[in-house]
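Down below is the structure, laid out as structure tokens.
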Amino acid sequence: MAAKGHKNLVWGCCSIGLQDQNYMQCTECTKVYHLECLSLSSNQDDPATSNWLCRQCRGTEKIGNNDNTPVRYNPNITVRPGRKQALNSPPNASDERPITRYEMQEIIKDVVTQFQKAMRTNISDIVGTELKCLKEEIVDMKESMNFMNTKYESITKEHAEANEKIKRLETKIGALQSKVDNLYNGVNQMEQNARMCAAEER
7 MAAKGHKNLV WGCCSIGLQD QNYMQCTECT KVYHLECLSL SSNQDDPATS
57 NWLCRQCRGT EKIGNNDNTP VRYNPNITVR PGRKQALNSP PNASDERPIT
107 RYEMQEIIKD VVTQFQKAMR TNISDIVGTE LKCLKEEIVD MKESMNFMNT
157 KYESITKEHA EANEKIKRLE TKIGALQSKV DNLYNGVNQM EQNARMCAAE
207 ER
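In short: position in the sequence shown from 1, add 6, done, that's this note's numbering.
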């Protein structure tokens, strides 16, 4: 690390190229980078190790969110393997292959099965709702019919009782009419007898 007074340096970090600032040099491309551009403080341990490579030469490491910022090599960093692909996740482009006829049949079969299951559930819900409404209507209709039957029976009973009363009244009226006729005939007979007696006395 260091230094100033090198006019032929090729800067890989910025276009300013201030040579009075501390810097470090890539051992591969020989480009130099300001420690400030690398976000390193000058009071840190000297990072100018013999095997330091810039980001362009390493090709894989990144620091922060700035893709154009070179990084410092650290031999203590453990590189973890890439995350395994989650189950049921879409395949990577490198893993894509043509779908076989059997796989296509299985996919279609699964789609049809799911569709049939959803349709059965929907139909069951619709039929259940309609049957519930129909049962309620039938119960209401039965109650109305029972009420009407009760009323009809009551009216029929009252009608029969009225007919009986009418018959009894007709019988009484007939008897009274017979008595009236008998009285009328008796009165006529008495009038005739009175006339005959009056004629004889003369």
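Where a beta carbon is used, it is the ideal one built from N, C-alpha and C, also for glycine.
Item                                                                                                                                                                            : Value
So, helix, strand or coil for Val-38, using DSSP?                                                                                                                               : strand
Let's test the definition: count the other Cβ atoms within 10 Å of the Cβ of Gly-18 and tell me whether it reaches 16, buried, or not, exposed.                                 : buried
When you compare the CB positions of Leu-59 and Cys-20, do they come within less than 8 angstroms of one another, or not?                                                       : no
Grab the span of the alpha helix (DSSP H) containing Ile-172 for me, first residue to last.                                                                                     : 107 to 207
Going along the chain, which residues of its own chain have a beta-carbon closer than 8 angstroms to the beta-carbon of Val-145, five neighbours each way excluded?             : none
Starting from Cys-63, trace the alpha helix (DSSP H) both ways and give me its first and last residue.                                                                          : 61 to 64
Straight-line CA distance for Leu-140 to Ser-160?                                                                                                                               : 30 angstroms
With burial defined as no fewer than 16 other Cβ atoms inside 10 Å of the residue's Cβ, what is the status of Leu-137: buried or exposed?                                       : exposed
Relative to the alpha-carbon of Ser-45, which residue among Asn-28, Asn-57 and Gly-180 has its alpha-carbon at the smallest distance?                                           : Asn-28
Take the Cβ of Arg-61 as the centre, count every other Cβ of all protein chains shown within 10 Å, and call the residue buried at 16 or more, exposed below.                    : buried
Quick one: what's Trp-17 bridged to in DSSP?                                                                                                                                    : Val-38
For Asn-169, collect the residues of the same chain with a Cβ closer than 7 angstroms to its Cβ; drop the 5 residues on either side in sequence, then sort them by chain order. : none
Going by alpha carbons, who is nearest to Glu-34 out of Ile-114, Val-193, Ile-105 and Cys-63?                                                                                   : Cys-63
What does the Cβ neighbour count give for Val-117, buried or exposed, with the cut at 16 atoms within 10 Å?                                                                     : exposed
Rounded to the nearest angstrom, what separates Ala-124 and Gly-65 at their Cα positions?                                                                                       : 51 angstroms
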